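**Student:** Per full-length UniProt numbering, the very first residue in the sequence shown carries number 1; after that it's consecutive.
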Amino acid sequence: MTAHPEAHDDVTSAGLGAEVRSLMQAHWDDTRGYCVPNPSVYPHLWLWDSCFHAIVWAHLEDERAPAELAAVLAGQLDGGMIPHMRYGPEGPDTWLGPLPQVSSLTQPPIFGHAARVVHERGMEVPDEVVRRAVRAFDWLWEHRRTPDGLLVIVHPWEAGNDHSVRWDDWGAPGRTPADYNRAARTAWNKDQMRHVRFDDDGAAVWSASFVAAPAGFNALTAFSMAELGALTGDPRLVERSRLLAEAIDQHLWNAELRLWADRAVVGGGPSVSSPISDGALGALVTSDRAKAEAALSQLDDPGRFGAPSGPANVARDHASYDPATYWRGPAWPQLNYLFGVALARWGRAEDAARLTRRSIAAARTSGWAEYWNPETGEGLGAAPQSWTGIVLAMAQEHLR
1 MTAHPEAHDD VTSAGLGAEV RSLMQAHWDD TRGYCVPNPS VYPHLWLWDS
51 CFHAIVWAHL EDERAPAELA AVLAGQLDGG MIPHMRYGPE GPDTWLGPLP
101 QVSSLTQPPI FGHAARVVHE RGMEVPDEVV RRAVRAFDWL WEHRRTPDGL
151 LVIVHPWEAG NDHSVRWDDW GAPGRTPADY NRAARTAWNK DQMRHVRFDD
201 DGAAVWSASF VAAPAGFNAL TAFSMAELGA LTGDPRLVER SRLLAEAIDQ
251 HLWNAELRLW ADRAVVGGGP SVSSPISDGA LGALVTSDRA KAEAALSQLD
301 DPGRFGAPSG PANVARDHAS YDPATYWRGP AWPQLNYLFG VALARWGRAE
351 DAARLTRRSI AAARTSGWAE YWNPETGEGL GAAPQSWTGI VLAMAQEHLR
């Protein structure tokens, strides 16, 4: 493994907390009641961004944690779906469904985990937030579940990693820096949304051109349901999490890749099984130690995802690997946080601590960027980005 310099401070010191607090404070909007991920590039609320923000606020012992979480769930549709975006006053910059204030798509439902973290850090999670979260999981279970027990997404952006290599066979732009531009993304999204079917309340429920069962989305849903079940004592959530975890192991485990891999349902092709780091997220919920160890060991393997500044999102030995292009290889702080949780779950404390130190160093080197080159730590995307403050939670959890 190529050596990487450690963070330029004691990473457990108050210095890191002060840096993160400054980052979050700069992006907090009192009027809206949430952090904008980046004021100029991302001036709206995104579902999983704000869930990570709530976790960061909780680790700062700041009462804005439950407020941020409530803001995520405040956009809930009548049927129960949580939109992946709540638009700011600027309005949407591309068409994401028939609703004027929110999108018709969703995103990984991290709010169950965020609620548990907020509670465990000594803050009250409002009853209304819990009720909305339970209804959101009910909606996914009722509207997005296949006969074999998996959950599906109906637009690539619902997976959280928008233009991943795994969507190549659906024709998504982004294979090169040149074709990843706003015009190409807008045109492709417009074409995708033409095929989406909406429920009466505006929620997207199916697509004639794109439906997939992503390993990461399924794992994060099962994990977050279990977390909310543990917080509330709701046996139904715990049981549904168990059933979903079993379906993930049964239908998405790829023995050749030693990862959980996505499944194409409508459209797509072989690219859906590309080796991406999301394929290790099943370790959050599987009961199979052998599968968990096989997947997690690749995160630090230089022949696979292991890189000096944290796990690459695409395997470094894959033909599509590009460490500087959006979702074609860069490292992502929110994924590193989740990998740390998975590593800790399986007793890999040293691995979690090493990942944490690399993540903190890269966050600082990159200027608290949205994502970064895993080989060099060079910042990519929007900078600074609020969710990169999640490295504080990693430090407090894994460097104690």
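We put the beta carbon where it would ideally sit given N, CA and C, even for glycine.
Keep in mind it's a predicted model, so treat the numbers as computed, not measured.
Within the stretch 330-375, note down every full beta strand (DSSP E) run reaching 3 residues or more, in order along the chain.
**Tutor:** Counting whole runs of 3 or more residues, the stretch 330-375 contains no beta strand (DSSP E) stretch at all.
**Student:** If you follow the alpha helix (DSSP H) that ARG236 is in, where does it begin and where does it stop?
**Tutor:** It spans 235-252 - the alpha helix (DSSP H) in which ARG236 sits, taken as one unbroken run.
**Student:** What are the boundary residues of the alpha helix (DSSP H) that TRP141 is part of?
**Tutor:** Its alpha helix (DSSP H) spans residues 127-143.
**Student:** One question on the structure: do ARG116 and LEU231 come within less than 9 Å of each other, judged by their Cβ atoms?
**Tutor:** Yes. Within cutoff.
**Student:** Does the beta-carbon of LYS190 have 16 or more other beta-carbons within 10 angstroms, so that it is buried, or is it exposed?
**Tutor:** Counting Cβ neighbours within 10 Å, LYS190 comes out exposed, since fewer than 16 surround it.
**Student:** If the criterion is Cβ atoms closer than 9 Å, does the pair GLY112 and GLU246 meet it?
**Tutor:** No, they are not a contact pair.
**Student:** According to DSSP, is ARG185 part of a helix, a strand, or is it coil?
**Tutor:** Three-state result, ARG185: helix.
**Student:** Less than 8 Å between C-beta atoms, sequence neighbours within five positions excluded: which residues of the same chain meet that for LEU380?
**Tutor:** Excluding sequence neighbours, LEU380 sits near ALA324, TYR326, PRO330, SER366, ALA369, GLU370, TYR371, TRP372 and ASN373.
**Student:** Could you give the residue range of the alpha helix (DSSP H) that holds ARG197?
**Tutor:** It is not in any alpha helix (DSSP H) - ARG197 instead sits in the beta strand (DSSP E) that spans 196-198.
**Student:** For GLU61, does the count of other Cβ atoms within 10 angstroms reach 16, so buried, or fall short, so exposed?
**Tutor:** Classification for GLU61: exposed.
**Student:** Are the Cβ atoms of VAL272 and ARG175 separated by less than 9 Å?
**Tutor:** Result no, Cβ atoms of VAL272 and ARG175 do not sit closer than 9 Å.
**Student:** For PRO302, count the other beta carbons within 10 Å of its own beta carbon; 16 or more makes it buried, fewer makes it exposed. Which is it?
**Tutor:** Under this definition PRO302 is an exposed residue.
**Student:** Identify every residue that forms a DSSP beta bridge with LEU231.
**Tutor:** Beta-bridge pairing links LEU231 to no other residue.
**Student:** Might you give, ordered along the chain, the residues of its own chain that have their beta carbon closer than 7 Å to the beta carbon of ALA133, omitting 5 neighbours on each side?
**Tutor:** Here the set comprises LEU73, PHE111, GLY112, ALA115 and LEU228.
**Student:** Once DSSP output is grouped into helix, strand and coil, what is the label at ARG289?
**Tutor:** Correct three-state label for ARG289: helix.
**Student:** From ARG21, PRO100, SER104 and PRO98, pick the residue whose C-alpha is nearest to that of GLU63; which is it?
**Tutor:** Among ARG21, PRO100, SER104 and PRO98, the Cα nearest to that of GLU63 belongs to ARG21.
**Student:** Return helix, strand or coil for ALA393, following the three-state DSSP convention.
**Tutor:** Three-state result, ALA393: helix.
**Student:** So what does ALA204 bridge to, in DSSP terms?
**Tutor:** BP columns for ALA204 point to PHE198.
**Student:** Strictly by DSSP, which residues pair up with TRP48?
**Tutor:** Bridge partners of TRP48: none, in fact.
**Student:** When we look at the beta-carbon of SER241 and count the other beta-carbons within 10 Å, is it buried (16 or more) or exposed?
**Tutor:** When all chains shown are included, SER241 counts as buried.
**Student:** So the beta strand (DSSP E) VAL72 belongs to, where does it begin and stop?
**Tutor:** Counting along the chain, VAL72 falls outside any beta strand (DSSP E), though it belongs to the alpha helix (DSSP H) covering 64-73.
**Student:** With DSSP run on the structure shown, which of helix, strand or coil describes GLY379?
**Tutor:** Three-state result, GLY379: strand.
**Student:** Pick helix, strand or coil for ILE55, following the three-state DSSP scheme.
**Tutor:** It is helical.
**Student:** How big is the Cα-Cα spacing for PHE210 and GLU142?
**Tutor:** Between PHE210 and GLU142, the C-alpha separation is close to 19 Å.
**Student:** From the DSSP secondary-structure annotation, give me the bridge partner or partners of ILE153.
**Tutor:** ILE153 pairs with ALA212.
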